[in-house]
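K.L.:
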Amino acid sequence: MELAVWVIILPLLTAFSLGISKLYFKKIFFKLVIGSAILYLYLLILVITTSYPPKVYSIGQWGLLGINLMVDPLSALFLLIIALLFLPFIIFSMKYTKCIKHDYFIFSYLMVAGISGMVLTTDLFNLYVFMEVSSLSSCALSLYKKTDRGIEGTFKYLIMSTFGSFFILLATILTYYLTGTLNMAEISLAFEDTPFTIKSTIMAFFVFGYAIKIGLLPMHAWLPDAYEDSPIPYNVLSSGLVMKSAVYALIRGLYIMFGIDFLDESGLLTIVVFWGVITFITAHCLAFQQSNLNRLLAYSTIAQIAYIMIGLFVGTEAGLIAGSFHILNHAIMKGTLFFVVGIFNYSLAAVEIEDIKGLGYKFPILSFTFVVGSLAIVGLPPFNGFMSKWLIVEAALEAGFTYAAFFILVGTFLSLTYYLKVIVTLYTKNEKPLLIEEAGLSLKLPTIFLGSLCIVFGIVPSLPLHLITKIPTFLLDNGDYIRILIGG
Amino acid sequence: MEIAYVAVIILFCLGMYTIITKKNLIKIVIGITIVESSLILLLMLVGYKPGGTAPILDKRYEIVVDPITQALALTTIVIGGSVTAVMLAMVIKLHKRYRTLNIDEIRKLRG
Numbered sequence: 042m043e044l045a046v047w048v049i050i051l052p053l054l055t056a057f058s059l060g061i062s063k064l065y066f067k068k069i070f071f072k073l074v075i076g077s078a079i080l081y082l083y084l085l086i087l088v089i090t091t092s093y094p095p096k097v098y099s100i101g102q103w104g105l106l107g108i109n110l111m112v113d114p115l116s117a118l119f120l121l122i123i124a125l126l127f128l129p130f131i132i133f134s135m136k137y138t139k140c141i142k143h144d145y146f147i148f149s150y151l152m153v154a155g156i157s158g159m160v161l162t163t164d165l166f167n168l169y170v171f172m173e174v175s176s177l178s179s180c181a182l183s184l185y186k187k188t189d190r191g192i193e194g195t196f197k198y199l200i201m202s203t204f205g206s207f208f209i210l211l212a213t214i215l216t217y218y219l220t221g222t223l224n225m226a227e228i229s230l231a232f233e234d235t236p237f238t239i240k241s242t243i244m245a246f247f248v249f250g251y252a253i254k255i256g257l258l259p260m261h262a263w264l265p266d267a268y269e270d271s272p273i274p275y276n277v278l279s280s281g282l283v284m285k286s287a288v289y290a291l292i293r294g295l296y297i298m299f300g301i302d303f304l305d306e307s308g309l310l311t312i313v314v315f316w317g318v319i320t321f322i323t324a325h326c327l328a329f330q331q332s333n334l335n336r337l338l339a340y341s342t343i344a345q346i347a348y349i350m351i352g353l354f355v356g357t358e359a360g361l362i363a364g365s366f367h368i369l370n371h372a373i374m375k376g377t378l379f380f381v382v383g384i385f386n387y388s389l390a391a392v393e394i395e396d397i398k399g400l401g402y403k404f405p406i407l408s409f410t411f412v413v414g415s416l417a418i419v420g421l422p423p424f425n426g427f428m429s430k431w432l433i434v435e436a437a438l439e440a441g442f443t444y445a446a447f448f449i450l451v452g453t454f455l456s457l458t459y460y461l462k463v464i465v466t467l468y469t470k471n472e473k474p475l476l477i478e479e480a481g482l483s484l485k486l487p488t489i490f491l492g493s494l495c496i497v498f499g500i501v502p503s504l505p506l507h508l509i510t511k512i513p514t515f516l517l518d519n520g521d522y523i524r525i526l527i528g529g
Numbered sequence: 042m043e044i045a046y047v048a049v050i051i052l053f054c055l056g057m058y059t060i061i062t063k064k065n066l067i068k069i070v071i072g073i074t075i076v077e078s079s080l081i082l083l084l085m086l087v088g089y090k091p092g093g094t095a096p097i098l099d100k101r102y103e104i105v106v107d108p109i110t111q112a113l114a115l116t117t118i119v120i121g122g123s124v125t126a127v128m129l130a131m132v133i134k135l136h137k138r139y140r141t142l143n144i145d146e147i148r149k150l151r152g
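As they're listed, the protein sequences go chains A and B.
Quick note on numbering: the first sequence equals residues 42 to 529 in the numbering used here.
Quick note on numbering: the second sequence equals residues 42 to 152 in the numbering used here.
#1: According to DSSP, what are the bridge partners of valine 112(A)?
#2: Determine, using beta carbons only, whether isoleucine 104(B) comes closer than 8 Å to chain A.
#3: Show which residues of chain A have a CB atom less than 7 Å away from the CB atom of leucine 83(B).
#4: Measure the C-alpha to C-alpha separation of lysine 485(A) and leucine 407(A) and round it to an integer number of angstroms.
#5: With C-beta atoms as the reference, is leucine 282(A) less than 8 Å away from isoleucine 123(A)?
#6: Closer than 8 Å is the cut-off here; do at least three beta carbon pairs connect the region 408-423 of chain A with the region 494-504 of chain A?
#7: With 8 Å set as the bound, which would you pick, yes or no: does the beta-carbon of leucine 135(B) sit closer than that to a beta-carbon of chain E?
#8: Any beta-carbon of chain B closer than 8 Å to the one on threonine 162(A)?
#9: Per DSSP, which residues does glutamate 393(A) bridge with? Please list them.
#10: With methionine 244(A) as the anchor, note down where its alpha helix (DSSP H) starts and where it stops.
#11: Using a Cβ-Cβ distance under 8 Å, would isoleucine 71(B) count as near chain A?
#12: What are the residues in the region 244-269 of chain A lying within 9 Å of chain B by C-beta distance?
#13: What separation, rounded to the nearest whole angstrom, lies between the Cα atoms of aspartate 270(A) and serine 429(A)?
#14: May I ask you to list, following chain order, the residues of the region 189-202 of chain A that have a beta carbon less than 8 Å from some beta carbon of chain B?
#15: Check whether chain A comes within 8 Å of methionine 42(B), counting only Cβ atoms and requiring the distance to be less than that.
#16: With DSSP as the reference, please indicate the residues paired to valine 170(A) in a beta bridge.
#17: Alpha carbon to alpha carbon, how far is phenylalanine 196(A) from glycine 122(B)? Give it in angstroms, no decimals.
#18: Interface residues of chain B around valine 170(A) at Cβ under 8 Å?
#19: Name, in chain order, the residues that DSSP records as bridge partners for valine 105(B).
#20: Would you report the Cα separation of alanine 154(A) and histidine 325(A), rounded to the nearest angstrom?
#21: Alpha carbon to alpha carbon, how far is leucine 506(A) from phenylalanine 426(A)? Give it in angstroms, no decimals.
#22: Leaving out the 5 sequence neighbours to the left and right, which residues in its chain are closer than 6 Å to threonine 138(A) when beta-carbon positions are compared?
#23: Using 8 Å for Cβ pairs, my map puts isoleucine 397(A) next to threonine 466(A). What's the rounded Cβ distance?
#24: Name, please, each residue of chain A whose Cβ falls closer than 8 Å to the Cβ of valine 124(B).
#25: Just to confirm before moving on: does the CB-CB distance between valine 314(A) and isoleucine 255(A) stay below 8 Å?
#26: Starting from the beta carbon of leucine 210(A), find every residue of chain B whose beta carbon is closer than 8 Å, and list them in chain order.
#27: Take every Cβ of the region 172-187 of chain A, pair it with every Cβ of the region 273-292 of chain A, and state whether three or more of those distances are shorter than 8 Å.
#28: Using CA coordinates, which residue listed in Ile50(A), Ile346(A), Met135(A) and Glu435(A) is at the minimum distance from leucine 161(A)?
#29: Do isoleucine 509(A) and leucine 84(B) have their beta-carbon atoms positioned less than 8 Å apart in this structure?
#30: Could you say if the region 122-134 of chain B and the region 93-100 of chain B meet the contact criterion of at least three C-beta pairs nearer than 8 Å?
#31: Would you mind stating whether isoleucine 243(A) and tyrosine 348(A) have Cβ atoms separated by less than 8 Å?
#32: Residues in its own chain within less than 7 Å of leucine 184(A) by CB, not counting five upstream and five downstream?
#33: At 7 Å on the CB atoms, spell out the chain A contacts of leucine 113(B), in chain order.
#34: Consult DSSP for aspartate 270(A) and reduce its assignment to one of helix, strand or coil.
#35: Is leucine 361(A) buried or exposed, if buried means 16 or more other CB atoms sit within 10 Å of its CB?
#36: Cα separation between leucine 223(A) and aspartate 164(A)?
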């Protein structure tokens, strides 16, 4: 019954007990890290399998006054991404963080606690607090290497992220002022007789605030700088989860509180689709000019999230399914690519594209995994990226956004050019590269696990789609969600 | 009452202007603090009732201010304090490495 509460409590508890164990019981520190990650995986699987039909968990039996948590299919999708990424992330980081840094694991548990809180909560202010928890600990993780560029990039990240949070907080306060409640279902009911202009102003603040965190076009510059010199396993979680959690908060807020009819009426759907098209075309062009692997993948992340936004904001059932499927697929594909780059960085200190010349013959399995990941992200069959991209194109055509569908195909060719550039460099003959340290099994295993998921989800897309096809039921028609929340 | 809302708007815009236009790192952090204070002030105003007392459930106190916004304001203060602390720590590190606080010069030195 109270399992969903433990999804937030367990990582939070682990983070604090890791802090104590760092001071007094150093011996059990890493046992605690691994043990808790495995327990967390088990807990997440239990919650995901019992997520349908959605249930409300009212903490302390206060009803609508208190804190309510809700697990619906969209939350379950994000819990699934945490389940798929977190244990590989912990195993990879154990080896990757060469000199033992205890704080790194404390902050990663705090970050996951924040994200799982964001995903489960139904309260607007709790959403803001959990978002701040996750973004502050995300900044701390990104600082881990303490290089000049790392500090400068993270400073920019923190400034931009706080700047966005202010607009979100402002919108939250204005919502409370108008409706007198912070519960999303009650807000939605109270919003029905609010004037159009006031509603659209509040919506504009929400969209602007989250657009900074998501990295839509003019506010994208912090992302490549923050990724450039951060520990690479962190990049996996950041592009897979932290950025996506902002997408989650945006669509949850907009679809539940304002409703699809208002979004269509106010013209937001058209604006966001157009915005997304400009963002991914620009991001692809900028990615082509990069010589640093991390920056290239960061620009690719911006472009992929723009695809997700297009899918989620065409405003049809097919679009929501396609966008949610791409959220899952992008987390897996980008995870694969970043892990492979992380291994190259670990064993050869490779940073630039030139540094990985000729590694295709030295690391055959890893290079093959990289090729699988990059072809999947470009969108070639039979990998998972193809499936979700195809669904997005189909949904855009169906909803009448023909130009979006056309530019997604153009974008595919653009992304093919820069990923091919990396793959060709990977398989160009070169003198023996300087090997610093052999990559162990604990680095290779998470990489190959995610790489094989790319193929499995491409061949058997019905596996995740089983869960994803239930998402639009509780988003497109907000009545169902409200009924469950208020009735429970 | 109205004049307090005007003060919130002025503080918010002033802070935003500082963040966007200033080149000095410390001034940017100050701008962020100003915006945050304006939002806390707004929270207090939203819950305020003229002549209200502390929210005690008793018949003697008829007009009480909204306790929820006060709780929210406390949370916002705590979040803002920790964000400012992290930012200032990073400013110290940046100053130690580059010997300057000007954003343009740091970008130039970084290459």
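Cβ atoms here follow ideal geometry from the backbone N, Cα and C, with glycine treated the same way.
For clarity, every value in this text was computed on a predicted model and none was experimentally measured.
P.N.:
Quick look at the numbers:
#1: For the purposes of this step, residue 112(A) is taken as the residue at position 71 of the first sequence. Lys96(A), per the DSSP bridge assignment.
#2: The residue labelled residue 104(B) in the question sits at position 63 within the second sequence. Judged by the 8 Å Cβ criterion, isoleucine 104(B) is not in contact with chain A.
#3: As a first step, residue 83(B) is located in the second sequence; it is residue number 42 there, counting from the start. Correct list: Ile214.
#4: By 1-based counting over the first sequence, the position of residue 485(A) is 444. By 1-based counting over the first sequence, the position of residue 407(A) is 366. Taking the straight line from one Cα to the other gives about 8 Å.
#5: The residue labelled residue 282(A) in the question sits at position 241 within the first sequence. The residue labelled residue 123(A) in the question sits at position 82 within the first sequence. Contact flag set, yes.
#6: Result yes; three or more Cβ-Cβ pairs closer than 8 Å.
#7: Note that chain E does not occur in the displayed structure, where the protein chains are A and B.
#8: For the purposes of this step, residue 162(A) is taken as residue 121 along the first sequence, with counting starting at 1. No, threonine 162(A) lies away from the interface with chain B (no Cβ there is under 8 Å from its Cβ).
#9: Position 352 of the first sequence, counted from the first residue, corresponds to residue 393(A). Under the DSSP definition of a beta bridge, glutamate 393(A) partners with Asn333(A).
#10: In the first sequence, counting from the first residue as 1, residue 244(A) sits at position 203. Its alpha helix (DSSP H) spans residues 237-255.
#11: Your numbering for residue 71(B) matches position 30 in the second sequence. Cβ-Cβ to chain A under 8 Å: no for isoleucine 71(B).
#12: Within the region 244-269 of chain A, no residue qualifies.
#13: The residue labelled residue 270(A) in the question sits at position 229 within the first sequence. The residue labelled residue 429(A) in the question sits at position 388 within the first sequence. Spanning the alpha carbons of aspartate 270(A) and serine 429(A) requires a straight line of approximately 31 Å.
#14: Cβ contacts with chain B: Asp189, Arg190, Ile192, Glu193, Thr195, Phe196, Leu199 and Ile200.
#15: Locating residue 42(B) in the second sequence gives position 1, counting from the first residue. Chain A places no beta carbon closer than 8 Å to that of methionine 42(B), leaving this residue out of the contacts.
#16: Here residue 170(A) refers to the residue found at position 129 of the first sequence. Answer by DSSP bridge pairing: none, since valine 170(A) is not bridged.
#17: Position 81 of the second sequence holds residue 122(B). Position 155 of the first sequence holds residue 196(A). Just so you know, the alpha carbons of glycine 122(B) and phenylalanine 196(A) end up roughly 16 Å apart.
#18: Residue numbering aside, residue 170(A) sits at position 129 when the first sequence is read from its first letter. Thr116 and Ile120, listed in chain order.
#19: The residue labelled residue 105(B) in the question sits at position 64 within the second sequence. Beta-bridge pairing by DSSP links valine 105(B) to Thr94(B).
#20: The residue you call residue 154(A) lines up with position 113 of the first sequence. The residue you call residue 325(A) lines up with position 284 of the first sequence. In a straight line, the C-alpha of alanine 154(A) is about 33 Å away from that of histidine 325(A).
#21: In the first sequence, the residue the question calls residue 426(A) occupies position 385. In the first sequence, the residue the question calls residue 506(A) occupies position 465. The residue you asked about is not phenylalanine; residue 426(A) is glycine in the sequence shown. Inter-residue distance for glycine 426(A) and leucine 506(A) is about 13 Å (C-alpha atoms, whole angstroms).
#22: Indexing the first sequence from 1 puts residue 138(A) at position 97. Excluding sequence neighbours, threonine 138(A) sits near Tyr145.
#23: Counting from 1 along the first sequence, the entry for residue 397(A) is found at position 356. Counting from 1 along the first sequence, the entry for residue 466(A) is found at position 425. At roughly 6 Å, the Cβ-Cβ gap stays under 8 Å, so isoleucine 397(A) and threonine 466(A) are in contact.
#24: Within the second sequence, residue 124(B) is the residue found at index 83, counting from 1. By Cβ distance, chain A contributes Glu173, Leu177, Leu199 and Thr203.
#25: Working through the first sequence from its first residue, we reach residue 314(A) at position 273. Working through the first sequence from its first residue, we reach residue 255(A) at position 214. In this structure, isoleucine 255(A) does not lie closer than 8 Å to valine 314(A) by Cβ.
#26: As a first step, residue 210(A) is located in the first sequence; it is residue number 169 there, counting from the start. In chain order: Leu80 and Thr117.
#27: As far as the Cβ criterion goes, the region 172-187 of chain A touches the region 273-292 of chain A, which means the pair count is three or higher.
#28: To locate residue 161(A), count along the first sequence from 1; it is residue 120. Its Cα nearest to that of leucine 161(A), the residue Ile50(A) stands out among Ile50(A), Ile346(A), Met135(A) and Glu435(A).
#29: Counting from one through the second sequence, the residue named residue 84(B) turns up at place 43. Counting from one through the first sequence, the residue named residue 509(A) turns up at place 468. No, these two residues do not count as a Cβ contact at 8 Å.
#30: Contact fails: fewer than three Cβ-Cβ distances are below 8 Å.
#31: Along the first sequence, one-based indexing puts residue 243(A) at 202. Along the first sequence, one-based indexing puts residue 348(A) at 307. Remark: C-beta atoms of isoleucine 243(A) and tyrosine 348(A) do not approach each other more closely than 8 Å.
#32: Translated into the one-based positions of the first sequence, residue 184(A) becomes position 143. Gly191, Ile192 and Thr195, listed in sequence order.
#33: One-based indexing of the second sequence puts residue 113(B) at position 72. Scanning chain A for C-beta atoms nearer than 7 Å to the C-beta of leucine 113(B) yields Phe166, reported in chain order.
#34: If you number the first sequence from 1, residue 270(A) lands on position 229. In this structure, DSSP gives aspartate 270(A) a state outside helix and strand, which the three-state scheme calls coil.
#35: In the first sequence, residue 361(A) corresponds to position 320, counting from 1. The residue in question, leucine 361(A), is buried, as its Cβ has 16 or more Cβ neighbours within 10 Å.
#36: As a first step, residue 223(A) must be located in the first sequence, where it is residue number 182. As a first step, residue 164(A) must be located in the first sequence, where it is residue number 123. The alpha-carbon atoms of leucine 223(A) and aspartate 164(A) are separated by roughly 6 Å.
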